[in-house]
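Undergrad:
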Amino acid sequence: MTTELGNSTTTELAVSMVGVSKSYKHFQLQNIDFTVERGTVAGLIGPNGAGKSTTMRILMGLVQPGAGSVSVLDKAISSNDAAAKQDIGYFSDDMRLYKPETLSWHMQLVRSLYRDWDDVYAGQLLDRFGLIPQQAIKGLSHGQRVKAMLLLILARRPKLLILDEPTNGLDPVAKHEVITELMRVVEDESRTILYSSHNTQDVEQISDSITFIDRGRVIASSNRDDFLEKWKCIKLHAPESWTLPSVDGVRLESSHRNLHVLSFNQFRGELPVQLQTPGVVIESVESMTLEEIFVSSVIRGRQEG
Amino acid sequence: MNLQAIRILFLKDLFLSRRHLFAYFVAGLAASALACTSNTTLAYVGFVLVLTVAIAAGIHMIGTLMLAETTEQTKLFVMSFPISLLDYSIGKISVVLTTYLIPWTAMFGCLVVATFVMGKQGNVVVLPPIFFFLLCGFMLQLLTAVVSESVGWTICIMVSCNVCLNIFLMKLFADPEVAEVVKSDVLTWPAFVVQIIAVELLLIAASLVIAFLFQTRKRDLV
Numbered sequence: 249m250t251t252e253l254g255n256s257t258t259t260e261l262a263v264s265m266v267g268v269s270k271s272y273k274h275f276q277l278q279n280i281d282f283t284v285e286r287g288t289v290a291g292l293i294g295p296n297g298a299g300k301s302t303t304m305r306i307l308m309g310l311v312q313p314g315a316g317s318v319s320v321l322d323k324a325i326s327s328n329d330a331a332a333k334q335d336i337g338y339f340s341d342d343m344r345l346y347k348p349e350t351l352s353w354h355m356q357l358v359r360s361l362y363r364d365w366d367d368v369y370a371g372q373l374l375d376r377f378g379l380i381p382q383q384a385i386k387g388l389s390h391g392q393r394v395k396a397m398l399l400l401i402l403a404r405r406p407k408l409l410i411l412d413e414p415t416n417g418l419d420p421v422a423k424h425e426v427i428t429e430l431m432r433v434v435e436d437e438s439r440t441i442l443y444s445s446h447n448t449q450d451v452e453q454i455s456d457s458i459t460f461i462d463r464g465r466v467i468a469s470s471n472r473d474d475f476l477e478k479w480k481c482i483k484l485h486a487p488e489s490w491t492l493p494s495v496d497g498v499r500l501e502s503s504h505r506n507l508h509v510l511s512f513n514q515f516r517g518e519l520p521v522q523l524q525t526p527g528v529v530i531e532s533v534e535s536m537t538l539e540e541i542f543v544s545s546v547i548r549g550r551q552e553g
Numbered sequence: 020m021n022l023q024a025i026r027i028l029f030l031k032d033l034f035l036s037r038r039h040l041f042a043y044f045v046a047g048l049a050a051s052a053l054a055c056t057s058n059t060t061l062a063y064v065g066f067v068l069v070l071t072v073a074i075a076a077g078i079h080m081i082g083t084l085m086l087a088e089t090t091e092q093t094k095l096f097v098m099s100f101p102i103s104l105l106d107y108s109i110g111k112i113s114v115v116l117t118t119y120l121i122p123w124t125a126m127f128g129c130l131v132v133a134t135f136v137m138g139k140q141g142n143v144v145v146l147p148p149i150f151f152f153l154l155c156g157f158m159l160q161l162l163t164a165v166v167s168e169s170v171g172w173t174i175c176i177m178v179s180c181n182v183c184l185n186i187f188l189m190k191l192f193a194d195p196e197v198a199e200v201v202k203s204d205v206l207t208w209p210a211f212v213v214q215i216i217a218v219e220l221l222l223i224a225a226s227l228v229i230a231f232l233f234q235t236r237k238r239d240l241v
């Protein structure tokens with residue numbers, strides 16, 4: 249959501265993290281600067297153990313950062329301030345419901361704590377997800393359990409959804425149902441989703457902006473379309489004496505005999521021409537998938553230290 | 020502080036522990052009834068059962084209501100609610116204490132009333148120090164669970180308290196003044212017993228305050 253103020257343009261932020269750090273014995277979240285605009289879907293992609301869950305727990309006030317400032321929906325977040333959480337729906341793959349109790353019992357519990365609980369919407373979600381309210385949680389499959397938790401979160405009508413690996417371990421049908429429901433949520437432009445995953449396809453499907461995180465550091469962050477536009481891969485044939493040209497953002501992805509695959513994170517139209525030195529034949533200039541961009545970003549980030 | 024949220028959290032945990040709570044309440048009353056029979060062997064068995072129920076109820080309630088929330092990962096679900104750490108701490112400590120005090124009070128009350136009814140008023144003198152010792156042990160276990168969030172450490176403190184209980188009973192009944200009052204039909208309070216009760220009450224209050232302060236000062240909630 250963008251507001252015009254005279255000649256300047258300001259963007260309303262749903263989430264803002266500035267210089268956030270957190271240290272554990274074997275892991276450090278380092279100087280995270282991260283924002284999410286209101287009414288958008290932001291994807292947070294990182295390998296296992298990259299710091300996605302820690303980042304999201306800091307946003308929920310569940311973990312206190314060692315340094316930096318955190319603001320969610322214009323409120324500072326802390327473990328002793330619960331007001332902001334009224335408008336946030338948080339899902340984590342590590343989260344569990346009470347096994348002996350029914351989904352209906354959980355719905356009553358959540359309803360009693362949230363002023364915006366929507367019974368009609370909860371009923372619709374029960375139908376769409378094929379859930380039975382009288383069923384005990386211990387009898388649910390993993391996919392049903394995830395859908396039950398999403399029902400409990402979505403029916404509160406939160407302004408911000410923080411979803412930590414919601415599609416992890418889901419079968420393709422359940423994954424489709426969950427993503428379809430999230431797409432319905434973002435049709436309401438006032439609602440924001442922050443979505444983490446190590447599966448780039450899920451994130452690519454629904455995200456407006458994407459942030460890559462690895463080893464506790466943000467390694468790249470941009471609009472999804474900018475990522476796909478700026479990152480290209482060039483395959484070329486070159487003689488043995490050929491060396492990697494000094495062009496900004498180039499990386500040699502692979503080499504097989506005289507075939508070399510180069511990736512560029514700041515692709516410009518004139519680059520193929522610049523590369524065509526004597527003996528060099530450009531085979532193709534291709535777009536990269538988000539997964540390829542992610543892998544290349546992680547490896548570049550690790551090489552840069 | 021959100022009183023409405025604390026009430027909901029309290030009732031939620033009370034509901035989750037309803038079956039265990041009922042079982043310990045009934046078992047406690049049955050053990051107390053057995054302890055009040057005129058048959059010495061049955062009364063002894065009943066008294067041992069009273070101690071067993073009190074110890075088991077304590078570790079069970081701490082385990083299921085406090086420690087299991089971490090091990091079964093339901094704490095993340097609860098902490099995502101619009102509640103502060105203070106709300107959570109008040110709700111959790113008060114419900115664990117309540118679920119223990121229900122069978123504890125039932126057994127204590129039952130034994131005190133039965134002892135008076137049976138005209139053995141002197142026997143009452145040992146009941147408060149023993150029951151406050153049990154409560155003291157429970158509070159230390161609760162404090163350990165809050166500080167360490169570890170099942171192992173909490174069980175370790177429970178075992179230590181049980182060992183100390185045996186030594187405590189031996190010392191209590193070995194006191195000449197106590198032994199004399201127990202045999203008599205008139206209830207008097209020896210200074211030794213009053214001192215023990217005072218120390219126990221102090222320990223209970225201190226454990227409760229430390230547990231609460233420690234819980235509310237945690238920086239990471241999950």
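If you're matching them up, the sequences are chains L and Z in order.
Under this note's numbering, the very last position in the first sequence is 553; numbers go up by exactly one each time.
Under this note's numbering, the very last position in the second sequence is 241; numbers go up by exactly one each time.
Idealized CB from N, CA, C, for every residue including glycine.
Are the CB atoms of R286 (chain L) and G337 (chain L) within a distance shorter than 7 Å?
TA: In the first sequence, counting from the first residue as 1, residue 337 (chain L) sits at position 89. In the first sequence, counting from the first residue as 1, residue 286 (chain L) sits at position 38. Taking 7 Å as the Cβ cut-off, G337 (chain L) and R286 (chain L) do not qualify as a contacting pair.
Undergrad: Is the Cβ of M343 (chain L) closer than 7 Å to any Cβ of chain Z?
TA: As a working note, residue 343 (chain L) is residue 95 in the first sequence. Chain Z, which has a Cβ nearer than 7 Å to the Cβ of M343 (chain L), makes this yes.
Undergrad: Would you list the one or two residues that DSSP bridges to T350 (chain L)?
TA: The residue labelled residue 350 (chain L) in the question sits at position 102 within the first sequence. Bridge partners of T350 (chain L): L:A384.
Undergrad: Given D299 (chain L), which residues of its chain have a CB within under 6 Å of its CB, disregarding the five upstream and five downstream residues?
TA: Working through the first sequence from its first residue, we reach residue 299 (chain L) at position 51. Per the sequence presented here, residue 299 (chain L) reads as Gly, with Asp not at that position. These residues qualify, in order along the chain: L277, I461 and G464.
Undergrad: For N250 (chain Z), which of helix, strand or coil comes out of DSSP?
TA: The structure shown has nothing for residue 250 (chain Z), since chain Z only spans 20 to 241.
Undergrad: I need the DSSP call for D281 (chain L), collapsed to helix, strand or coil.
TA: Indexing the first sequence from 1 puts residue 281 (chain L) at position 33. Reduced to three states, the DSSP call for D281 (chain L) is strand.
Undergrad: Could you tell me the distance, in whole angstroms, from the CA atom of V318 (chain L) to the CA atom of S445 (chain L)?
TA: By 1-based counting over the first sequence, the position of residue 318 (chain L) is 70. By 1-based counting over the first sequence, the position of residue 445 (chain L) is 197. Looking at the two C-alpha atoms, the distance is approximately 21 Å.
Undergrad: Tell me whether the stretch 344 to 353 of chain L and the stretch 376 to 386 of chain L touch, counting them as touching only if at least three CB pairs, one residue from each stretch, are closer than 8 Å.
TA: Judged by Cβ distances under 8 Å, the stretch 344 to 353 of chain L makes contact with the stretch 376 to 386 of chain L, as three or more pairs qualify.
Undergrad: Beta-carbon separation of A164 (chain Z) and M98 (chain Z) under 7 Å?
TA: In the second sequence, residue 164 (chain Z) corresponds to position 145, counting from 1. In the second sequence, residue 98 (chain Z) corresponds to position 79, counting from 1. Not in contact: A164 (chain Z) and M98 (chain Z) (Cβ atoms no closer than 7 Å).
Undergrad: Taking the beta strand (DSSP E) that T459 (chain L) belongs to, which residues open and close that run?
TA: Walking along the first sequence from the start, residue 459 (chain L) turns up at place 211. If you look at T459 (chain L), you'll find it in the beta strand (DSSP E) that goes S457 to D462.
Undergrad: P101 (chain Z) touches chain L at which residues, Cβ-Cβ below 9 Å?
TA: Start at 1 with the first residue of the second sequence, and residue 101 (chain Z) comes out as number 82. Simply A330, A331, A332, K333, Q334, D335, I336, L361 and Y362.
Undergrad: Can you find at least 3 beta carbon pairs, one from the stretch 494 to 502 of chain L and one from the stretch 512 to 522 of chain L, that sit closer than 8 Å?
TA: yes
Undergrad: Within 7 Å of any Cβ in chain L, is that where the Cβ of M20 (chain Z) sits?
TA: Taking the first residue of the second sequence as position 1, residue 20 (chain Z) is located at position 1. Not one chain L Cβ lies under 7 Å of M20 (chain Z).
Undergrad: Using the rule of at least 16 other Cβ atoms within 10 Å of the residue's Cβ for burial, across every protein chain shown, is L7 (chain Z) buried or exposed?
TA: Here chain Z comprises residues numbered 20 to 241, so residue 7 (chain Z) is not present and cannot be evaluated.
Undergrad: Using only the alpha-carbon positions, how far apart do G77 (chain Z) and S226 (chain Z) sit?
TA: For the purposes of this step, residue 77 (chain Z) is identified with residue 58 of the second sequence, where counting begins at 1. For the purposes of this step, residue 226 (chain Z) is identified with residue 207 of the second sequence, where counting begins at 1. Taking the straight line joining both Cα atoms gives about 15 Å.
Undergrad: What does I229 (chain Z) reach in chain L if we use C-beta pairs closer than 7 Å?
TA: Taking the first residue of the second sequence as position 1, residue 229 (chain Z) is located at position 210. The premise fails here: I229 (chain Z) is roughly 19 Å from chain L at the closest Cβ pair, so nothing lies under 7 Å.
Undergrad: Judging by CA-CA distance, which residue of L:K423, L:R505, L:Q312 and L:L409 is the nearest neighbour of Q453 (chain L)?
TA: As a first step, residue 453 (chain L) must be located in the first sequence, where it is residue number 205. Among L:K423, L:R505, L:Q312 and L:L409, the Cα nearest to that of Q453 (chain L) is on L:K423.
Undergrad: Using the Cβ count rule (16 or more neighbours within 10 Å means buried), how would you classify S301 (chain L)?
TA: Working through the first sequence from its first residue, we reach residue 301 (chain L) at position 53. Classification of S301 (chain L): buried, given that the 10 Å Cβ count is 16 or more.
Undergrad: Considering only the beta carbon of each residue, do I410 (chain L) and L442 (chain L) sit closer than 7 Å?
TA: On the first sequence, position 162 is the one that residue 410 (chain L) refers to. On the first sequence, position 194 is the one that residue 442 (chain L) refers to. Against a cut-off of 7 Å, the Cβ pair of L442 (chain L) and I410 (chain L) comes out as a contact.
Undergrad: Just to confirm before moving on: does the CB-CB distance between D335 (chain L) and P414 (chain L) stay below 7 Å?
TA: Residue mapping note: residue 335 (chain L) aligns to position 87 of the first sequence, counting from 1. Residue mapping note: residue 414 (chain L) aligns to position 166 of the first sequence, counting from 1. No, Cβ-Cβ distance for D335 (chain L) and P414 (chain L) is not below 7 Å.
Undergrad: For the stretch 528 to 539 of chain L against the stretch 478 to 489 of chain L, do three or more pairs of beta-carbon atoms, one drawn from each stretch, fall closer than 8 Å, so that the two count as touching?
TA: yes
Undergrad: Over the uninterrupted alpha helix (DSSP H) stretch that includes A486 (chain L), give me the two end residues.
TA: If you number the first sequence from 1, residue 486 (chain L) lands on position 238. Bounds of any alpha helix (DSSP H) do not take in A486 (chain L), whose DSSP letter is neither H nor E.
Undergrad: Can you pull the chain Z residues whose beta carbon is under 7 Å from the beta carbon of S489 (chain L), in chain order?
TA: Position 241 of the first sequence holds residue 489 (chain L). Near S489 (chain L) there are no residues of chain Z at all, since even the closest Cβ is about 57 Å away, more than 7 Å.
Undergrad: Out of curiosity, what's the CA-to-CA distance linking D194 (chain Z) and F135 (chain Z)?
TA: Position 175 of the second sequence, counted from the first residue, corresponds to residue 194 (chain Z). Position 116 of the second sequence, counted from the first residue, corresponds to residue 135 (chain Z). Roughly 22 Å between the two C-alpha positions.
Undergrad: List, in order along the chain, the chain L residues whose C-beta lies closer than 7 Å to that of F96 (chain Z)?
TA: Reading the second sequence from its first residue, position 77 is the one you call residue 96 (chain Z). Near F96 (chain Z) (Cβ distances below 7 Å), the residues of chain L are M343, R344 and L345.
Undergrad: What in chain L is Cβ-close to Q234 (chain Z), meaning under 8 Å?
TA: The count along the second sequence starts at 1 and reaches residue 234 (chain Z) at position 215. Those do not exist, as Q234 (chain Z) stays about 11 Å from chain L at its closest Cβ, beyond 8 Å.
Undergrad: Buried or exposed: where does I280 (chain L) fall if 16 or more other Cβ atoms within 10 Å of its Cβ makes it buried?
TA: Reading the first sequence from its first residue, position 32 is the one you call residue 280 (chain L). Looking at its Cβ environment, which holds 16 or more other Cβ atoms inside 10 Å, I280 (chain L) is buried.
Undergrad: Grouping DSSP H, G and I as helix and E and B as strand, with all else coil, what is N471 (chain L)?
TA: For the purposes of this step, residue 471 (chain L) is taken as residue 223 along the first sequence, with counting starting at 1. Note: N471 (chain L) maps to strand in three-state DSSP.
Undergrad: Answer with buried or exposed for P148 (chain Z), where buried requires no fewer than 16 other C-beta atoms within 10 angstroms of its C-beta.
TA: Counted from its first residue, the second sequence places residue 148 (chain Z) at position 129. By the neighbour-count rule (16 or more Cβ atoms within 10 Å), P148 (chain Z) is buried.
Undergrad: What is the rounded straight-line gap between the Cα of L253 (chain L) and the Cα of L476 (chain L)?
TA: Taking the first residue of the first sequence as position 1, residue 253 (chain L) is located at position 5. Taking the first residue of the first sequence as position 1, residue 476 (chain L) is located at position 228. A caution first: L253 (chain L) carries a pLDDT of 41, below 50, which makes its placement in the model unreliable, though a value can still be read off. Approximately 31 Å between the Cα atoms of the pair.
Undergrad: Under 7 Å between C-beta atoms, does D32 (chain Z) make it to chain L?
TA: Along the second sequence, read from residue 1 onward, the residue named residue 32 (chain Z) stands at position 13. No, because no Cβ of chain L sits closer than 7 Å to the Cβ of D32 (chain Z).
Undergrad: Taking the alpha-carbon positions, what's the P295 (chain L) to S469 (chain L) distance?
TA: Here residue 295 (chain L) refers to the residue found at position 47 when the first sequence is read from its first residue. Here residue 469 (chain L) refers to the residue found at position 221 when the first sequence is read from its first residue. Each residue's alpha carbon lies about 15 Å from the other.
Undergrad: Decide if the stretch 64 to 71 of chain Z is in contact with the stretch 88 to 96 of chain Z; the criterion is three or more beta carbon pairs, one per stretch, under 8 Å apart.
TA: no
Undergrad: For T59 (chain Z), does the three-state DSSP call read helix, strand or coil?
TA: Residue mapping note: residue 59 (chain Z) aligns to position 40 of the second sequence, counting from 1. T59 (chain Z): helix per DSSP, three-state reduction.
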